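Undergrad:
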Amino acid sequence: MVFRFNIEYKTVYGENLVLNLNMDNEEVHNSLGTTDGLHWSCDLDVTPKTKNITYYYSVERDGVCIKKEWQVVKHQLNVTAERANDYTIYDHWHDIPEDSYLYSSAFTDCVNHQQLAEVKDNTFAKTIRLIVRAPQLRDGERLVLIGSDPLVGAWDVKRAVPMVEQAYNEWTVDINAEALAVNYLEFKFVALNDKKSTEAWETGYNRSVEIPEMKAGSVVSYELSQSFLERWNRKFAGTLVPVFSLRSKKSAGIGDFGDLKSMIDLVAKTGQKVLQLLPINDTTITHTWTDSYPYSCISVFAIHPQYADLQALPELEDAKARAEAEKTRAELNALPQIDYEKVNDFKITYLHQIFNQEGEKMMKSAEYQAFFQETEQWLVPYAQYSCLRDKYGTADFSKWPDHNAWDEKDRKALANPRTKAYKEVEFFYFVQFVLNTQMKAVHEHAMAKGVILKGDIPIGVNRFGCDVWTEPKYFNLDGQAGAPPDDFSVNGQNWGFPTYNWYEMLKDDCQWWTRRFQNMSKFFDAYRIDHVLGFFRIWEIPIDSVHGLLGQFAPALGMTADEIRSYGLNFQQDRFTRPFITDWVLDRMFHERADEVKQKYLDRLDDERYQLKAEVDTQIKVEALFEGVTDEKEIWLRDGLYALISDVLFVRDHRNPGLYHPRISAQFDFIFESLYDNDKAAFNRLYNDYFYRRNNQFWYEEAMKKLPKLVQATRMLVCAEDLGMVPDCVPWVMNELKMLGLELQSMPKDPSVKFGHLSRNPYRSVCTISSHDMPTLRQWWDENIQRTQEYYNTMLYRQGPAPHPLPGWLAQDIISRHLTSPSMLCILSIQDWLAINEHLRLPDANAERINIPANPKHYWRYRMHLSIEDLAANKEFMDSVTELVAQSGRN
1 MVFRFNIEYK
11 TVYGENLVLN
21 LNMDNEEVHN
31 SLGTTDGLHW
41 SCDLDVTPKT
51 KNITYYYSVE
61 RDGVCIKKEW
71 QVVKHQLNVT
81 AERANDYTIY
91 DHWHDIPEDS
101 YLYSSAFTDC
111 VNHQQLAEVK
121 DNTFAKTIRL
131 IVRAPQLRDG
141 ERLVLIGSDP
151 LVGAWDVKRA
161 VPMVEQAYNE
171 WTVDINAEAL
181 AVNYLEFKFV
191 ALNDKKSTEA
201 WETGYNRSVE
211 IPEMKAGSVV
221 SYELSQSFLE
231 RWNRKFAGTL
241 VPVFSLRSKK
251 SAGIGDFGDL
261 KSMIDLVAKT
271 GQKVLQLLPI
281 NDTTITHTWT
291 DSYPYSCISV
301 FAIHPQYADL
311 QALPELEDAK
321 ARAEAEKTRA
331 ELNALPQIDY
341 EKVNDFKITY
351 LHQIFNQEGE
361 KMMKSAEYQA
371 FFQETEQWLV
381 PYAQYSCLRD
391 KYGTADFSKW
401 PDHNAWDEKD
411 RKALANPRTK
421 AYKEVEFFYF
431 VQFVLNTQMK
441 AVHEHAMAKG
451 VILKGDIPIG
461 VNRFGCDVWT
471 EPKYFNLDGQ
481 AGAPPDDFSV
491 NGQNWGFPTY
501 NWYEMLKDDC
511 QWWTRRFQNM
521 SKFFDAYRID
531 HVLGFFRIWE
541 IPIDSVHGLL
551 GQFAPALGMT
561 ADEIRSYGLN
571 FQQDRFTRPF
581 ITDWVLDRMF
591 HERADEVKQK
601 YLDRLDDERY
611 QLKAEVDTQI
621 KVEALFEGVT
631 DEKEIWLRDG
641 LYALISDVLF
651 VRDHRNPGLY
661 HPRISAQFDF
671 IFESLYDNDK
681 AAFNRLYNDY
691 FYRRNNQFWY
701 EEAMKKLPKL
711 VQATRMLVCA
721 EDLGMVPDCV
731 PWVMNELKML
741 GLELQSMPKD
751 PSVKFGHLSR
761 NPYRSVCTIS
771 SHDMPTLRQW
781 WDENIQRTQE
791 YYNTMLYRQG
801 PAPHPLPGWL
811 AQDIISRHLT
821 SPSMLCILSI
831 QDWLAINEHL
841 RLPDANAERI
851 NIPANPKHYW
861 RYRMHLSIED
871 LAANKEFMDS
881 VTELVAQSGR
891 N
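FYI, UniProt numbering numbers position 405 of the sequence shown as 405, with every residue one higher than the one before it.
1) The beta strand (DSSP E) that contains R4, what's its start and end?
2) On the CB-based measure, 16 or more other CB atoms within 10 Å of its CB, does E202 come out buried or exposed?
3) Just reading off the beta strand (DSSP E) that R685 is part of, what are its end residues?
4) Identify, in the order they occur along the chain, each residue of the same chain with its Cβ nearer than 7 Å to the Cβ of residue 892, setting aside the five sequence neighbours on each side.
5) Report the three-state DSSP secondary structure of residue 929 (helix, strand or coil).
6) Using a 10 Å radius around the Cβ and a threshold of 16 neighbouring Cβ atoms, would you call T270 buried or exposed?
7) Would a C-beta distance cut-off of 8 Å place V726 and L533 closer than the cut-off?
8) Among all the DSSP beta bridges, which residues are the ones paired with G455?
9) Considering only residues of the region 241–308, which uninterrupted alpha helix (DSSP H) runs meet the minimum length of 4 residues and lie entirely inside it, listed in chain order?
10) Near S816, which residues of its chain fall below 8 Å by C-beta distance, leaving aside the five closest residues on each side in sequence?
11) Skipping 5 residues on each side, what residues in its chain have a beta carbon closer than 6 Å to that of L740?
12) List the whole-angstrom C-beta distance separating S829 from S759, where the pair is believed to meet the contact cut-off of C-beta under 8 Å.
13) In its own chain, which residues sit with a C-beta less than 6 Å from the C-beta of E223, not counting the 5 before and 5 after it?
14) Taking DSSP's pairing of strands, which residues face G147 in a bridge?
15) So, is N206 buried or exposed, given that buried needs 16 or more other C-beta atoms within 10 angstroms?
16) Please list the terminal residues of the continuous alpha helix (DSSP H) segment that includes K621.
17) Name the residue from E615, E608 and A561 whose alpha carbon lies nearest to the alpha carbon of P657.
18) By Cβ distance below 7 Å, which residues in the same chain neighbour C510 in space, the five residues on each side in sequence not counted?
19) Taking the CB atoms as reference points, tell me whether I89 and I128 lie closer together than 8 Å.
20) With C-beta atoms as the reference, is Q552 less than 8 Å away from H403?
21) Taking the beta strand (DSSP E) that F580 falls in, what are its first and last residues?
22) Pull the bridge partners of Y610 from the DSSP assignment, please.
23) Let's test the definition: count the other Cβ atoms within 10 Å of the Cβ of G14 and tell me whether it reaches 16, buried, or not, exposed.
24) Contact check, N16 vs S31 under 8 Å by CB: the rounded distance?
25) With a cut-off of 8 Å on the beta carbons, I'd call Y87 and R4 a contact; round off their distance for me.
26) Give a yes or no on whether the C-beta atoms belonging to M505 and I457 are separated by under 8 Å.
27) What residue range does the beta strand (DSSP E) around A717 cover?
28) Using the Cα positions of P748 and D486, report the straight-line distance between them to the nearest angstrom.
29) Determine the burial state of W780: buried for a count of at least 16 other Cβ atoms within 10 Å of its Cβ, exposed for fewer.
30) Less than 8 Å between the beta carbons of residue 895 and I827, yes or no?
31) Please report how far the alpha carbon of E230 lies from the alpha carbon of H804, in whole angstroms.
32) Please list the terminal residues of the continuous beta strand (DSSP E) segment that includes T768.
33) Taking only the alpha-carbon atoms, compute the straight-line gap between A666 and E673 and give it to the nearest angstrom.
34) Have a look at Y862 and L332 and give me their C-alpha separation to the nearest angstrom.
35) For M236, which of helix, strand or coil comes out of DSSP?
36) For F372, which three-state DSSP category applies?
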């Protein structure tokens, strides 16, 4: 067969176009030729074994790929007729389209329920093939071709030619060229909904195609510009609630996947289309409440056993064990908050009982065999890690007597059911099989209900987790990831996670991340990238720090001493990089205990300054010294020592000691106060250049090495949490990759306003009032009376004093305003939805808080005080939510 590929693409000197075909499960690369740098072509003489060929174009310079087409929906060529042996293809280059979200599984699978079909073979001697993308079609609609020629309906829609959706939003039709009355085709595309007997014609002039001279066995394929229908942008409403926070009458003290199905039903019943969750990954490190932090996962693939729906498992055959389990389940379920340790002990025990009773039978099933084959790459090391963690009583694998790192040689025995090694870990296989099966069923239920499940991808992993144990080359263990100071924490946030070794990850084209995203797509159709800024640069904190103030962005362009001097600041390495400790500083900080601090913790450095003794010269040493101390005065002293250690003007680059970074928020410390006014001005100029200008292009390039691969690894809808200290390059990348940003009226991205104007939200955004890291709407309302009053008068346009606490009618007004914003998604926490009903919501607003970021040891235990059954049965609440959603046009 002969294939002639043609495409128009404007190149510059030195650039070449390459055709990349996936043929017979093998990617073949072919260079195209051109005479003018615009029209490119390539002829191939091959006979493919398969019927479908997918391909894409890329641009190379000096043999290196510098640009690729959009990878989510590639070109598709169907070799449909045995008698066709000559194919001429005219293509368009596809960048990421502005409406790429319409190609996401959130829209195609959940909202529109699209069903792809195969192009049927035809018997035409000469075939004209038309291909068009029509992403604006809605649920139940199909595309047809209608034109002037009798063969294509003669403009009678009842005689229109049906088309086939061969790829998501891509429709095709074959036309018998010999049967056309004239040698050109004039036509339009029409969307039909047979159930509603409605039709929508594409706008603009009629299309036309000249029919070339063709010989028998020829197929000429035209890829046309996108069909455009007069359709408004669709907007959806949704709810944010962690799975662990769900409560039903059947659950066991914590939300589970059975509750998640019920919550999907509630969301769908009110007209909402999105249910957003927090991460569901396994976080089991210590088997204590400290494992409740859902963003500190031990595996980016494994699901937490606490989410197992015990009601969906076979019943315990032992009557006594069954009665005891039911008694414990009821007691745990009656608790106002989650008792993490008791819940997990109960669930693991119950899963062991089911495993002993049903495991052998279930693990012989075809479903289990398919699951094991699909997940073996991560499942086997995860199971061995979990077994060794429990065996040795610690997750710190450096302290294990053996197996300090994953050995690939162990895989064979661990995957063989006849070996002792397999028997030791098979319980963990069984549990993950149960969890994966249940979560897949939840996903299928959500799609059937038209609800988009939105997951969450944490930016970090636990440094003692399975991912680090299995593939340590991908992680930097000599630092800690966190966030610089912000409204949540004046000392910054130290998450304790290792940072990523992007150098190693990019070597294999980010395969670890690709596997992670693709695994997640089995359960979700949209996702939130936690702290997307981390893909540009991460806030890396020294391993011996407790707070985040001594961190630096990594990677970042550090400054030489001469560069610092060029700003007019006389750089003094010892003075500016060593903690600034003087008598006046000590008096200001420690007051009457200043002398005690000098005697116990300091040595004289020179006539002016002191230095910390070796046993307290890092924050982690201070933390260890004060471990277990609860006296408030001593805690105050400890925090003062922390502050002394971070009182520097510059920090050395973690990897190049000849480079320096201005210390974040140094203007609030004593060393800055000690500077002359002209030095303060010089430092501020340097500081602003460094944090807001110097690294912009550098960070843009860093992000573009990673994010395009990841956002195109699946068809999930990509939403990014882009709050914090946002450099200018972040919006560049997010716009280029068509990612949805996060919009909070209380944290506007425009520095010139105190509160965001909801009407200015971009369509490609997620609008919300509060997240799991923030105070709820009710808490925020009472947090700062002066700020609330200004919001009440200037944003809600109401006169007089703002009422406190927040009344239900006013919460409803605020929610209504958010719902009518232009944002594609408006997702509100379950607590904020409940704020509209004063009879349903908790009397104590503070009891609704999920997380306090300033506290790294926060206990994540919030649980709905109402069962999903009772909430769904409350007609007043359900009607209110339904009406708010409907009135906002979010459907």
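Glycine included, every Cβ here is placed at the ideal spot set by N, Cα and C. Only a predicted model underlies this, so the values are computations on that prediction, with no experimental measurement involved.
TA: The relevant details are as follows:
1) V2 to E8
2) buried
3) Here R685 belongs to no beta strand (DSSP E); instead the alpha helix (DSSP H) covers D677 to D689.
4) What is shown of the chain runs 1 to 891, which leaves residue 892 out entirely.
5) Past the boundaries of the shown model lies residue 929; the chain is included only from 1 to 891, so the question cannot be answered.
6) buried
7) yes
8) Y527
9) 257–269
10) L884, Q887 and S888
11) C719, R764, S765 and V766
12) That belief does not hold up - the Cβ atoms of S829 and S759 are roughly 22 Å apart, past 8 Å.
13) D91, H92 and I131
14) F187
15) exposed
16) Q619 to L625
17) A561
18) K706, K709 and L710
19) no
20) no
21) Element bounds for F580: n/a, residue is neither H nor E.
22) R604
23) exposed
24) 6 Å
25) 7 Å
26) no
27) Note that residue 717 is Leu in the sequence shown, not Ala. L717 -> beta strand (DSSP E) spans L717 to A720.
28) 14 Å
29) buried
30) Any question about residue 895 goes unanswered here, given that the chain covers just 1 to 891.
31) 46 Å
32) S765 to T768
33) 9 Å
34) 14 Å
35) A small correction: the amino acid at residue 236 is Phe; Met does not occupy that position in the sequence shown. Strand, per DSSP.
36) helix
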